[in-house]
Amino acid sequence: MKLNNLKPAAGSTHSRRRIGRGPGSGLGGTSTRGHKGAKARSGYKRKIGFEGGQMPLQRRLPKFGFKNINHKEYLPVNLSTLQKIAESMNVEKIGIAELVKAGVTNGKELVKVLANGELTAKVTVEANAFSKTAEAAIKAAGGDVVVL
Numbered sequence: 038m039k040l041n042n043l044k045p046a047a048g049s050t051h052s053r054r055r056i057g058r059g060p061g062s063g064l065g066g067t068s069t070r071g072h073k074g075a076k077a078r079s080g081y082k083r084k085i086g087f088e089g090g091q092m093p094l095q096r097r098l099p100k101f102g103f104k105n106i107n108h109k110e111y112l113p114v115n116l117s118t119l120q121k122i123a124e125s126m127n128v129e130k131i132g133i134a135e136l137v138k139a140g141v142t143n144g145k146e147l148v149k150v151l152a153n154g155e156l157t158a159k160v161t162v163e164a165n166a167f168s169k170t171a172e173a174a175i176k177a178a179g180g181d182v183v184v185l
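Each residue of the sequence shown is one higher than the one before, counting from 38 in our numbering.
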């Protein structure tokens, strides 16, 4: 057996239909496109969501929802994370630079400190926002809070 005498199995291949090659082919005339209408024309492209003239789903359903243009998205950072950073880096002040170094944020995000976990280290924490309980916990540990 050589590459030059390989052939597909008998009956496994078919010759393609040559549409629009005259009446003798049986596929001339309208060339399988039917009579008239958009689909019979060249350059036909169906619009996304088009349902053949029926009112499309996105127009049958009511509008809903609201996007507040003043909404701010904060990256949550827990007290337990701050405790780990304080222990591993041995720092007195935890700001955005320390959080970036620890891999918590990329420096472009707004950071909000939340009161999940426990903070025993006496540290000054700089962030964009604090929850009331997180602020109280940091001050109770002898630390300080700075809102950026």
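Glycine is no exception: its CB is placed at the ideal position from the N, C-alpha and C atoms.
Exposure of residue i, with buried meaning 16 or more beta-carbon neighbours within 10 Å
| i | result |
| --- | --- |
| E135 | buried |
| A164 | buried |
Best match in the options for proximity to residue i [C-alpha to C-alpha]
| i | options | result |
| --- | --- | --- |
| T170 | A75, N153 and V128 | N153 |
| I56 | S117, Y111, G71 and Q91 | G71 |
| R53 | R78, L64, P60 and K121 | L64 |
| K130 | S62, N41 and D181 | D181 |
Where residue i sits in the DSSP three-state scheme
| i | result |
| --- | --- |
| N153 | coil |
| K73 | coil |
| P60 | helix |
| K104 | coil |
| A123 | helix |
| E186 | The structure shown does not extend to residue 186, since the chain is modelled only from 38 through 185, so no value can be given for it. |
| L43 | coil |
I'd like to know if the segment 139-146 and the segment 87-104 are in contact, where contact means that at least 3 CB-CB pairs between them fall below 8 Å. Fewer than three beta-carbon pairs drawn from the segment 139-146 and the segment 87-104 are found closer than 8 Å, and the two stretches are therefore not classed as touching.
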